[in-house]
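Mind the numbering: the sequence shown is residues 9 to 315 in my numbering, read in order. All C-beta atoms in this analysis are idealised placements derived from N, C-alpha and C, irrespective of residue type, glycine included. What follows is one structure encoded as structure tokens, with my remarks underneath.
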Amino acid sequence: MNTEALAEPIAGRPAGTGRPALHDAAPRRADGRRDAAPVDDRHGAGAAPAYGHLVSSGVDTSHGAILYLEDVTVSFDGFRALNALSLTLDDGELRCIIGPNGAGKTTMMDAVTGRIRPDSGRIFYGQTIDLTRLAEAQIVAAGIGRKFQRPTVFETMSVFDNMELALENDKRGWASLRAKLDSAQIGRIESILETINLRAEVDRIAGTLSHGQKQWLEIGMLLAQRPRLILLDEPVAGMTDAETEKTAELCLQLAGEHTVVVVEHDMEFVAKIARTVTVLHEGSVLAEGSMDAVRGDPRVIEVYLGR
Numbered sequence: 009m010n011t012e013a014l015a016e017p018i019a020g021r022p023a024g025t026g027r028p029a030l031h032d033a034a035p036r037r038a039d040g041r042r043d044a045a046p047v048d049d050r051h052g053a054g055a056a057p058a059y060g061h062l063v064s065s066g067v068d069t070s071h072g073a074i075l076y077l078e079d080v081t082v083s084f085d086g087f088r089a090l091n092a093l094s095l096t097l098d099d100g101e102l103r104c105i106i107g108p109n110g111a112g113k114t115t116m117m118d119a120v121t122g123r124i125r126p127d128s129g130r131i132f133y134g135q136t137i138d139l140t141r142l143a144e145a146q147i148v149a150a151g152i153g154r155k156f157q158r159p160t161v162f163e164t165m166s167v168f169d170n171m172e173l174a175l176e177n178d179k180r181g182w183a184s185l186r187a188k189l190d191s192a193q194i195g196r197i198e199s200i201l202e203t204i205n206l207r208a209e210v211d212r213i214a215g216t217l218s219h220g221q222k223q224w225l226e227i228g229m230l231l232a233q234r235p236r237l238i239l240l241d242e243p244v245a246g247m248t249d250a251e252t253e254k255t256a257e258l259c260l261q262l263a264g265e266h267t268v269v270v271v272e273h274d275m276e277f278v279a280k281i282a283r284t285v286t287v288l289h290e291g292s293v294l295a296e297g298s299m300d301a302v303r304g305d306p307r308v309i310e311v312y313l314g315r
């Protein structure tokens, strides 16, 4: 996918307004008992490093890995949702993560995206960016995007306007609300809509889209922010067979230019897109490898596939 390419203009489409970042909450601790990790005093006492200016092109992946988790532990009231989890993702890969309910899949994504702060362990984005020190908005700005299981689009607005709100914009505050989109920004939106199969729905109210189309729109809104790493939580849940097939094609198309992590229970879907599959169980990696390899692993059959 090339989000820079200018697609054929949509006739009569007026430029609209921008919107500042929507998520500014600081990360919270998992159990409410552990203080935040020490930070560099150059940023001020108790402040997170100023990574907010970063875009995806600034991530150092010279050693191949874009995401590195080492011995990450997260506890909730004594329950270890993540138990010394270690995981490495290579730049540009498509990784599927599976496992039974309670295996730690959602908690892992929460830790990576700054919604919770681990009790212990390290999470690095590229070679130098310590995600445990960043707020959610800073992590988004650094190039990590996440789509939750339920689509969260603005249902009373058009598809184009949803994309416009998500568009990466250096302006902030009221100035961004009055800003007009230039031709390159409009072209980026059109190109993304082509990629997510919604070009023909550009002026349609988002609330009238099918469930699958809303999922695609939310993925498109992530792409508008130029993420380098995309986390998709059960992207095909509730989709028709045709929508599931198109979503598989979309995931394969995004991989390479982006690193794509898919958490999913639909094994047929995983089999269509899987290159490497990681199986989580009780907060740790149980098995990892090709789909055929994990399907044949007796441990995976016992705790997950055999149920």
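Point to revise | Among V120, H273, A232, the one whose alpha carbon lies nearest that of F168 | key: The count along the sequence shown starts at 1 and reaches residue 168 at position 160. For F168, the nearest C-alpha among the options comes from A232.
**Study point:** Inter-residue CB distance, Y133 and I74 (contact presumed, cutoff 8 Å)
**Key:** Translated into positions along the sequence shown, residue 133 becomes position 125. Translated into positions along the sequence shown, residue 74 becomes position 66. Their Cβ separation, rounded to whole angstroms, is 7 Å, which keeps Y133 and I74 in contact under 8 Å.
Review point. When we look at the beta-carbon of H266 and count the other beta-carbons within 10 Å, is it buried (16 or more) or exposed?
Key: As a first step, residue 266 must be located in the sequence shown, where it is residue number 258. If you draw a 10 Å sphere on the C-beta of H266, you find 16 or more other C-beta atoms in it, and that means buried.
Check your understanding: When you compare each of S94, H71, T69, F87 to V80 by their alpha carbons, which one comes out closest?
Key -> The residue given as residue 80 occupies position 72 in the sequence shown. Answer by Cα proximity: S94.
Point to revise | Local conformation of V244 per DSSP, three classes | key: For the purposes of this step, residue 244 is identified with residue 236 of the sequence shown, where counting begins at 1. In the three-state reduction of the DSSP assignment, V244 falls in the coil class.
Review point. Taking the C-alpha atoms as reference points, what is the distance between T284 and A263?
Key: As a first step, residue 284 must be located in the sequence shown, where it is residue number 276. As a first step, residue 263 must be located in the sequence shown, where it is residue number 255. In a straight line, the C-alpha of T284 is about 12 Å away from that of A263.
Check your understanding: From which residue to which residue does the alpha helix (DSSP H) around V293 run?
Key -> Within the sequence shown, the letter at position 285 stands for residue 293. For V293, there is no enclosing alpha helix (DSSP H); the residue is part of the beta strand (DSSP E) that begins and ends at 292-297.
Check your understanding: Which residues bound the alpha helix (DSSP H) around F168?
Key -> Translated into the one-based positions of the sequence shown, residue 168 becomes position 160. Counting along the chain, the alpha helix (DSSP H) containing F168 begins and ends at 167-174.
Check your understanding: What span of residues does the alpha helix (DSSP H) with L142 cover, start to end?
Key -> In the sequence shown, the residue the question calls residue 142 occupies position 134. Here L142 belongs to no alpha helix (DSSP H), and DSSP marks it neither H nor E.
Practice item. Consult DSSP for H61 and reduce its assignment to one of helix, strand or coil. Key: Counting from 1 along the sequence shown, the entry for residue 61 is found at position 53. Reliability of the predicted coordinates at H61 is poor, the pLDDT of 36 falling under 50, and no value is obtained from them.
Check your understanding: If we count Cβ pairs, one from each stretch, closer than 8 Å, do we get three or more for the stretch 270-278 versus the stretch 98-110?
Key -> Here the stretch 270-278 lies against the stretch 98-110, with 3 or more beta-carbon pairs under 8 Å apart.
Practice item. Could you check the C-alpha separation between A208 and L217 for me, to the nearest Å? Key: Here residue 208 refers to the residue found at position 200 when the sequence shown is read from its first residue. Here residue 217 refers to the residue found at position 209 when the sequence shown is read from its first residue. The straight-line gap from Cα to Cα measures roughly 12 Å.
Practice item. Give a yes or no on whether the C-beta atoms belonging to I238 and L258 are separated by under 8 Å. Key: The residue labelled residue 238 in the question sits at position 230 within the sequence shown. The residue labelled residue 258 in the question sits at position 250 within the sequence shown. Not a contact, by the Cβ cut-off of 8 Å.
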